[in-house]
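I have placed the structure first, in the form of C-alpha cells, so that the comments after it can refer back to it.
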Amino acid sequence: MIEFLGDFKMANTGIPLDICYGSLSLFTTILHNIFLLYHVDMFVSFYKIDKLSFWIGESIFLVWNSLNDPLFGWLSDRQYLSPQPTASSFKSNEPYSKTNTGSSSSSKEENLYTYNKSKYSEKTFPSSYSNYSKISNRQSNQELLQSEPNSINASIISHRLNSLAWNGPLFAISFALFWVSWLSPGLQFVVCLCLYDSFLTSVDLQHNALLADLAISADVRTRLNACSAIFSAFGSVSVFVSYAVWHRENLVSFRAFCLFLSVLSILGFYVGIRLLRTAAIPLCSKTSSVTVENTQSKLSSSLNYLRHFGSCSKSSTDDLKNYVRQLTTHQNFIWFALMNLIQVFHCHFNSNFFPLFLDVILGKNGNSLGALLLGVSFVFPHINNLYFLSLCRRHGVYRVVLLMFVMKFLLTLTMCGIGSNCIWAICIYIASNRVFTEGTCKLLNLVVSDLVDEDCVIHSRHQPVSALIFGTVALLSKPGQTLAPLLGTWMLSWQTGHELFTAASSEVRSSDLSSDPKHRIACFNLLVYIPMVCATFQMLIWLLKFRLHGHRLHWIKAVRSGSSSLAV
1 MIEFLGDFKM ANTGIPLDIC YGSLSLFTTI LHNIFLLYHV DMFVSFYKID
51 KLSFWIGESI FLVWNSLNDP LFGWLSDRQY LSPQPTASSF KSNEPYSKTN
101 TGSSSSSKEE NLYTYNKSKY SEKTFPSSYS NYSKISNRQS NQELLQSEPN
151 SINASIISHR LNSLAWNGPL FAISFALFWV SWLSPGLQFV VCLCLYDSFL
201 TSVDLQHNAL LADLAISADV RTRLNACSAI FSAFGSVSVF VSYAVWHREN
251 LVSFRAFCLF LSVLSILGFY VGIRLLRTAA IPLCSKTSSV TVENTQSKLS
301 SSLNYLRHFG SCSKSSTDDL KNYVRQLTTH QNFIWFALMN LIQVFHCHFN
351 SNFFPLFLDV ILGKNGNSLG ALLLGVSFVF PHINNLYFLS LCRRHGVYRV
401 VLLMFVMKFL LTLTMCGIGS NCIWAICIYI ASNRVFTEGT CKLLNLVVSD
451 LVDEDCVIHS RHQPVSALIF GTVALLSKPG QTLAPLLGTW MLSWQTGHEL
501 FTAASSEVRS SDLSSDPKHR IACFNLLVYI PMVCATFQML IWLLKFRLHG
551 HRLHWIKAVR SGSSSLAV
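Numbering (the UniProt record's numbering), first residue to last: 1 to 568.
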C-alpha cells in the first residue's frame with residue numbers, strides 16, 4: 001500500500017488514485033456553480049415567486065443550512081465516537097489508562113504525549129521518532145509514507161463511499177428539480193433548497209472526510225487536494241457555457257443543458273466511486289492482512305476488554321455530550337474555528353458585494369472589466385490553488401496559510417497608499433483579493449484533516465470522526481455567511497446615509513452610484529479595510545494561538561500512524 005499511495009497507481013485499472021478522488025469535485029462543481037448563479041433568478045424572474053414566500057424560504061433554508069452539517073456528520077460518525085481501541089492502540093495506551101484515571105483532560109493529553117513519544121519511537125516505527133520528525137517535505141512521497149504503513153482502514157473508506165454512492169446521484173436529481181415547475185413557486189422554492197443543500201452537504205462532508213481518511217501524510221493529502229482543484233477548475237467551465245443557453249424568454253435550451261449536466265453528474269459519481277473503491281479497499285485489506293500475524297497477541301489481550309466495553313456502551317446522548325466536552329478542551333480546534341469564522345465572513349463578503357464594488361468603483365468601465373473579473377474570480381482560485389498546494393508540499397500548510405494572511409494584509413496596505421483613482425490597480429487588487437481569499441478557504445481543508453488526526457489521537461478514538469469534525473467546523477463558520485451581508489449593508493448605509501439594498505431607497509439609483517464620490521469612497525473603504533482587519537486578526541490567531549504545526553504535528557501523525565494498525 002505504501003507504493004500504491006506513493007505512486008498513486010490503482011491495482012486493477014491503472015488510473016491514478018488522485019484522479020479518482022478529484023473527479024468527484026468535477027461532478028459537484030459543474031452543478032453547484034449553475035445553482036449559485038441562476039436559482040434565485042429562476043424563481044424571481046420566471047416562476048414569479050412573491051416576496052413573502054421568498055423570504056420565508058430563505059429563512060427556512062438559513063436554519064436548515066446551519067444545522068445539517070453537524071447533524072449529518074453526527075449521523076455518519078457517531079459510531080466512532082466511543083474510545084474503542086484498535087488491537088495496537090489498546091496495548092500501547094494501557095499504562096496511560098491505568099496511571100491517569102481521574103486526571104484532567106489537559107494533563108491526560110500531556111502524559112499521553114510524553115508516553116507515546118518514547119513508546120512509539122522505540123518499537124512501533126521503522127525508524128526512530130527523531131528521524132521521523134526530521135523528514136523533510138522535499139523528500140519523496142514514498143519516504144514520507146514509510147511511517148504510516150497501516151493508517152488506512154478499509155471499513156471506514158467503504159462507509160464513506162457507500163454514502164457518496166447514494167447521495168451523489170440524489171444531489172444531481174435535486175439539482176434538476178430547480179428548473180422545472182412542479183409545485184407552487186413558494187413551496188417548490190423551500191423543498192428544492194432544502195433537498196439540494198441536504199445532498200450537497202452529505203457529498204461535501206464525505207468527500208472532505210475521505211481526504212483525512214485516505215492518508216495521514218501531508219504530502220499525499222496535498223496531492224489529492226491539488227487534483228480536486230484541477231477538476232473544480234474544469235467544472236467552472238459550465239458557467240461560461242451556461243451564458244450561451246440562458247434566455248429568460250425561452251428556457252428550453254437551458255433546461256436541456258441542466259438535464260445534461262445532471263445525467264453527466266450521476267454517471268460521473270457512479271463511475272468515479274466504483275474506481276475509487278477498486279483503488280483503495282482491496283489494498284487496504286491486503287495491508288491489514290499482512291499485520292494479522294503480528295497482532296494476534298494484541299487481539300487476544302484486548303478481546304475481553306472489548307466485550308466488557310460493548311456491554312456498557314454509552315447512549316447516543318452521552319456520546320454527544322462527551323464529544324462537545326472534548327471539543328471545548330481541544331484548544332487548536334477552538335482557535336481554528338475562530339480563524340475560519342473570519343475567513344468565511346471575508347469570502348462571503350467578497351461574493352455578496354462583488355457586483356456592487358464593480359459597478360460603483362469601476363464606473364463606466366464596469367461592463368468590460370466586470371466580465372473579465374467575473375471569469376477570473378471563478379476559475380483562477382482553482383488554478384492558483386495548484387501552486388499553493390505545491391508550496392504546501394515543500395514548506396507545510398501552516399507556513400503557506402500564514403503567507404496568505406501576510407500577503408492579504410500587504411495588498412490592502414498597498415491599496416491604501418494607491419487610493420481609489422487608479423482603475424487598473426483596483427482591478428488587480430479585486431482579482432488578487434478574491435483569488436487569495438478563495439485559495440485560503442480551499443487550503444483549510446488540509447488543516448481540518450490535521451485536526452481530525454489530533455482529535456483521533458488525544459481522545460483515543462478507534463477511528464477518526466472525519467465527517468463529524470468537518471461538519472462541526474462548518475456549523476461554527478455559518479455565522480460568517482449571515483454576518484457578511486448584514487454587516488456590509490449596515491456599514492455602507494452608515495457611511496453613505498442611504499439604504500442601498502431596499503426598494504424604499506428610491507433616492508439612490510444604481511446608475512448614479514458610480515458618479516457619487518461618497519459612494520465610491522464608502523465602497524473603497526470597505527474593499528480595503530475589511531480585508532485588513534480580517535488579516536490582522538487571522539495572523540494573530542495563527543501566530544500566537546494555533547499550535548498544530550512543526551514538532552506537534554509530526555508527533556500527532558506519528559502516533560496515529562502507529563496506533564491505527566487494525567480495527568477490531
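We put the CB at the ideal spot given by N, CA and C, even for glycine.
For the set Trp555, Ser466, His346, Met539, the Cα lying nearest the Cα of Asp77 is the one of Ser466. Within the same chain, Cβ atoms closer than 8 Å to the Cβ of Val448 are found at Asn208, Ala212, Phe336, Ile469, Phe470, Val473, the five residues on either side in sequence being excluded. Ranked by Cα distance from Trp494, the first of Leu526, Ile428, Asp450, Pro479 is Leu526.
By the Cβ rule, the region 393 to 403 does not count as touching the region 239 to 248, because fewer than three pairs are nearer than 8 Å. Between Lys478 and Ser66, the CB-CB gap stays under 8 Å. Annotation for Gly419: no alpha helix (DSSP H) segment contains it, and DSSP assigns it neither H nor E.
The alpha-carbon of His382 is positioned some 15 Å away from that of Cys347. In the DSSP assignment, Asp219 falls within the alpha helix (DSSP H) that extends over 218 to 235.
Between Gly439 and Asn384 a beta carbon distance of about 5 Å is seen, short of the 8 Å cut, so the two are scored as contacting. By the Cβ neighbour-count rule, Thr437 is buried, with 16 or more other Cβ atoms within 10 Å of its own. The alpha-carbon of His462 is positioned some 17 Å away from that of Leu75. Counting the other CB atoms within 10 Å of its CB gives His519 a total of 16 or more, which places it among the buried residues. In the structure shown, the three-state DSSP call for Asp455 is helix.
Rounded to whole angstroms, Leu492 and Tyr80 show a C-alpha spacing of 47 Å. No Cβ-Cβ contact shorter than 8 Å links Phe524 with Ile423.
Taking all protein chains shown into account, Pro517 has fewer than 16 neighbouring C-beta atoms within 10 Å of its C-beta and is therefore exposed. A direct Cα-Cα distance of roughly 42 Å separates Asp50 from Phe333. Bounds of the alpha helix (DSSP H) holding Thr482 are 466 to 496. Between Trp64 and the set Trp166, Leu475, Leu553, His549, the nearest pair of CA atoms involves Leu475. Distance between Leu338 and Thr412, taken at the CA atoms: about 22 Å. DSSP places Trp246 outside any alpha helix (DSSP H), giving it a letter other than H or E. Per DSSP, the continuous alpha helix (DSSP H) segment holding Gln188 begins and ends at 185 to 214. In terms of CA proximity to Leu487, Ile530 leads the group Leu446, Ile530, Ile458, Ala558. Excluding its 5 nearest sequence neighbours in each direction, Asn68 has C-beta neighbours in its own chain below 8 Å: Asp197, Ser198, Thr201, listed in chain order.
Comparing alpha carbon positions, the residue from Ile230, Leu548, Met415 closest to Ala431 is Met415.
Pairwise C-beta distances place the region 252 to 271 out of contact with the region 51 to 63, as fewer than three of them are shorter than 8 Å. With at least 16 other beta carbons inside 10 angstroms of its own, Gly57 counts as buried. Straight across, the Cα-Cα distance linking Phe61 with His330 is about 30 Å. Taking every protein chain shown into account, the CB of Phe240 has fewer than 16 other CB atoms within 10 angstroms, so this residue is exposed.
Under the criterion of beta carbons closer than 8 Å, Phe269 and Pro169 qualify as touching, at roughly 6 Å. The residue among Met539, Val220, Leu177, Ala425 with its C-alpha nearest the C-alpha of Met407 is Met539. If you look at Asp77, you'll find it in the alpha helix (DSSP H) that goes 51 to 77. A direct Cα-to-Cα measurement between Thr496 and Thr489 gives close to 11 Å.
At the C-beta level, Ala484 and Phe349 come within 8 Å of one another.
For Tyr21, the uninterrupted alpha helix (DSSP H) run begins and ends at 17 to 41, by DSSP.
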